[in-house]
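Quick note on numbering that gives the first Met the number 0: the sequence shown kicks off at 0 and runs consecutively.
The beta carbon of each residue, even a glycine, is placed where N, CA and C say it ideally should be.
Computed from a predicted model, the values in this text were never measured in an experiment.
In what follows, a structure is listed as structure tokens, so that the remarks can point back to it.
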Amino acid sequence: MATGLCLFTLALLLVPQRLAQRPASQGIVSLHMAGDGQFRLWNQSVPADRLVAVLRRMEGQANRATVRLIPDPDVPWGSVQRLVGQLSAMGLPLELQLP
0 MATGLCLFTL
10 ALLLVPQRLA
20 QRPASQGIVS
30 LHMAGDGQFR
40 LWNQSVPADR
50 LVAVLRRMEG
60 QANRATVRLI
70 PDPDVPWGSV
80 QRLVGQLSAM
90 GLPLELQLP
């Protein structure tokens, strides 16, 4: 019984981490949003005015990527909602990963 409980607990810890680490080859693009309004895409800083252009290029591709928005804990919720609205209007699939 204890072994089963340990395995179940381990699965609860590992499965979400495994899903969060899906690479871009599987169509996941992680967009990090900092509290100061900066964005990081593929671990590179992207100015807010160029962000829309980069995401529009992904929109035109046949294998539509899923954008995973990862806001920092100090980002105001209103800013997150505004960006989610903009990304949803573009028609790209969107995941929201809260801190």
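Residue i vs residue j beta-carbon contact at 8 Å
| i | j | result |
| --- | --- | --- |
| Gln46 | Thr65 | With the sequence shown as reference, residue 46 is identified as Pro, and Gln is not the correct amino acid for it. Not closer than 8 Å, so no. |
| Met32 | Leu86 | no |
| Val79 | Gly34 | no |
| Val53 | Leu40 | yes |
| Arg55 | Met89 | yes |
Range covered by the beta strand (DSSP E) that runs through residue i
| i | result |
| --- | --- |
| Gln43 | Gln43 to Val45 |
| Val74 | Here Val74 belongs to no beta strand (DSSP E), and DSSP marks it neither H nor E. |
| Val32 | Contrary to the premise, residue 32 reads as Met rather than Val in this sequence. Run containing Met32: Ile27 to Met32, per the beta strand (DSSP E) assignment. |
6 Å CB neighbourhood of residue i in its chain, flanking five on each side removed
| i | result |
| --- | --- |
| Leu95 | Leu68 |
| Pro98 | Pro72 |
Spatial neighbours of residue i in its chain, beta-carbon cut-off 8 Å, leaving aside the 5 residues before and after
| i | result |
| --- | --- |
| Met0 | none |
| Ser44 | Gln37 and Phe38 |
Cβ-based neighbour list, residue i, same chain, cut-off 7 Å, excluding 5 preceding and 5 following
| i | result |
| --- | --- |
| Ser29 | Arg67 and Ile69 |
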